[in-house]
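Going down the list, the sequences are from chains F and W.
Its first residue numbered 1, the first sequence is counted upward by one per residue in our numbering.
Its first residue numbered 1, the second sequence is counted upward by one per residue in our numbering.
Ideal Cβ positions, reconstructed from N, Cα and C, are used throughout, including at glycine.
Right, one structure below, let's go through it.
2 protein chains.
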Amino acid sequence: MEVPQVPFDDRGLAYGDGLFETVLLRDGRPLLWDYHLARLKRGCRLLDIPCPAQGALEADIRVDGEGLEVLKLIVTRGSGGRGYACPEKVVPRLLSSRTPFHAQEQHWRNGVRVRLCELRLGHQPRLAGIKHLNRLENVLARNEWQTPDIVEGLVADHNGRVIEATSMNLFWCHKGQYFTPYLDQCGVAGTLREALLAAGEVTQAHLDIEELSDVEALWIGNSVQGMWPVAELLDTQGAPWQRWSLGTASRRLQAMANRLLGYPQFS
Amino acid sequence: MEVPQVPFDDRGLAYGDGLFETVLLRDGRPLLWDYHLARLKRGCRLLDIPCPAQGALEADIRVDGEGLEVLKLIVTRGSGGRGYACPEKVVPRLLSSRTPFHAQEQHWRNGVRVRLCELRLGHQPRLAGIKHLNRLENVLARNEWQTPDIVEGLVADHNGRVIEATSMNLFWCHKGQYFTPYLDQCGVAGTLREALLAAGEVTQAHLDIEELSDVEALWIGNSVQGMWPVAELLDTQGAPWQRWSLGTASRRLQAMANRLLGYPQFS
């Protein structure tokens with residue numbers, strides 16, 4: 001497949017002025033597609049970018065596919081070279097690419113090791129939740145460690161509230177109930193999280209860094225990788241801090257999430 | 001000149017993972033070039049992107065030029081398609097373009113009308129000051145108004161401190177002294193501002209929104225447009241709020257700034 005190109009004056013490049021979606025395809029069929037569409041539309045509305053028609057967004061899906069792939073869609077405000085002011089007539093640019101995907105079965109089975117990042121997310125309610133192209137905070141946080149045995153990093157905000165992992169949402173169990181952080185000030189509202197909220201399986205709540213010691217189980221998940229139980233949490237220095245055994249509680253939310261994505265079950 | 005293109009997997013497009021500079025060229029000669037270079041290098045250091053060699057950055061300058069042009073340089077982390085983690089070997093991508101420029105003499109002469117934006121800048125000390133490609137806050141703020149008689153918008157942070165204009169730095173006069181906001185939490189440290197700080201002409205200070213009523217003169221300026229006195233400030237609803245007459249005080253800082261850029265003087 002030819003690699004799409006964007007010109008120098010595309011506002012997605014110039015200012016990160018756009019949005020993206022990363023969608024799991026199973027045999028050509030997009031998972032949680034309604035949630036991806038809804039988030040993209042919400043992002044376009046908040047940024048005042050005309051959302052491409054659904055047919056255009058689905059153009060790369062309808063071709064026959066086999067096995068697991070990831071579809072990445074980028075929608076930018078298009079070309080416009082006069083500074084931050086938007087062009088009078090915005091012609092959004094839609095780009096997409098499909099790549100084969102291999103799920104990490106060992107992470108579902110054994111859980112993962114994560115660390116707490118030093119970077120704190122800034123608050124910006126006007127951009128919180130949507131999957132816009134301004135992702136330097138995520139890049140900085142993800143690059144705090146290089147060792148491959150640490151698969152993700154948890155990120156808190158300036159108030160010390162844990163918000164998400166660098167590319168996944170966060171979930172925890174407390175007294176048998178399932179929770180996920182509020183994302184009204186920062187963070188990306190993942191589609192797997194949205195689906196679990198809509199199903200009434202999880203509830204939004206605050207989680208301070210210190211409260212990580214009290215949770216009965218912790219997961220990170222997204223619509224591509226599914227739900228990984230956290231087996232071990234390191235502190236910002238990379239030193240061991242918390243451990244969770246993968247008991248019944250840690251499997252239940254995973255089961256719900258993986259069912260939504262057609263992934264296997266573990267016990 | 002051919003428009004440069006970037007591939008879909010460029011991290012500047014994917015995540016705003018890069019930096020830019022906008023440089024005034026006069027007859028092919030870059031103004032405040034050392035300050036632009038210094039800011040770009042600082043940005044590369046903070047984002048851990050290898051900075052292109054000075055020769056490469058200057059490649060588009062050395063050709064003969066006539067009159068005023070704007071050189072725009074973009075440096076991205078280059079291609080890399082594995083999520084937020086940086087590629088093991090980063091090959092930065094350098095893009096540049098030159099466009100003719102016409103300075104707005106009437107704004108130097110008559111001053112400008114600006115408004116206060118509703119958008120509040122979030123705090124992110126890890127990104128403050130550098131001219132990175134994550135500029136959605138600027139885009140949102142700039143697009144709060146469309147009327148061409150309002151030339152800029154002032155932007156405050158979540159604490160109500162005025163930080164900058166959407167594409168210019170802010171300066172004010174109080175008791176005969178010149179000041180510019182601290183930019184350690186948010187905002188872009190413009191090169192004109194840096195040059196005035198280095199020359200000891202201005203000092204960093206805090207300015208709350210309410211204190212805008214007390215300043216003796218207000219300017220917005222950058223290294224391309226020079227220094228514009230603010231003649232009138234509208235509130236976030238677009239209603240008249242403050243006015244300044246363009247007296248001796250309002251000309252002095254303009255004179256210093258415009259001299260640095262080879263722009264004319266006004267009295």
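Under the criterion of beta carbons closer than 8 Å, F:Val202 and F:Tyr178 qualify as touching, at roughly 4 Å. When rounded, the separation of the alpha-carbon atoms in F:Gly83 and W:Asp17 is 19 Å. About 4 Å separates the beta carbon of W:Ser223 from that of W:Leu192, a gap short enough to meet the 8 Å contact definition.
In this chain, the beta strand (DSSP E) harbouring F:Glu232 covers Gly226 to Leu234. According to the DSSP secondary-structure assignment, F:His132 is paired through a beta bridge with F:Leu19.
Residue state for W:Val202 is assigned as coil, using DSSP reduced to three classes. Taking 8 Å as the threshold, the shortest C-beta distance from F:Tyr84 to chain W falls below it. What F:Glu137 touches in chain W, judged by beta-carbon distance under 9 Å, is Gln124, Arg126, Leu127 and Asn134, going in chain order. Secondary structure note for W:Leu71: its beta strand (DSSP E) is the uninterrupted segment Leu68 to Thr76. Going by DSSP, F:Glu105 is part of the alpha helix (DSSP H) stretching over Glu105 to Asn110. DSSP, reduced to helix, strand and coil, places W:Trp33 within a helical segment of the structure shown. Measuring C-alpha to C-alpha distances from F:Pro30 to each of F:Glu58, F:Cys186 and F:Ser167 identifies F:Glu58 as the nearest. Excluding its 5 nearest sequence neighbours in each direction, W:Pro4 has C-beta neighbours in its own chain below 8 Å: Leu95, Ser96 and Ser97, listed in chain order. Under the DSSP definition of a beta bridge, W:Gly153 partners with W:Arg115. Judged by DSSP secondary structure, W:Gln54 falls within the alpha helix (DSSP H) whose first and last residues are Gln54 to Leu57. The C-beta of F:Ser97 comes closer than 8 Å to at least one C-beta of chain W.
W:Ser96: member of the beta strand (DSSP E) spanning Arg93 to Pro100, first to last residue.
Rounded to whole angstroms, the Cβ separation of W:Leu24 and W:Leu261 is 6 Å, and the two are in contact under 8 Å. Approximately 6 Å separates the beta-carbon atoms of W:Val114 and W:Gly153; this is inside 8 Å, confirming the contact.
Here W:Leu260 carries a helix assignment [DSSP, helix/strand/coil]. The residue from F:Leu116, F:Cys117, F:Leu119 and F:Leu127 with its alpha-carbon nearest to that of W:Leu121 is F:Leu127.
The shortest CA-to-CA distance from W:Asp64 to any of W:Ser167, W:Arg26 and W:Ser245 is the one to W:Arg26.
In this chain, the beta strand (DSSP E) harbouring F:His174 covers Asn169 to His174. Just measuring C-alpha positions, the residue of W:Phe8, W:Leu170 and W:Pro7 sitting nearest W:Val112 is W:Leu170. By the CB criterion at 8 Å, W:Leu68 and W:Phe101 fall inside the cutoff. With respect to chain F, the C-beta atom of W:Asn143 has a partner C-beta closer than 8 Å. Here F:Ser213 carries a helix assignment [DSSP, helix/strand/coil]. Chain F has a Cβ within less than 8 Å of the Cβ of W:Leu119.
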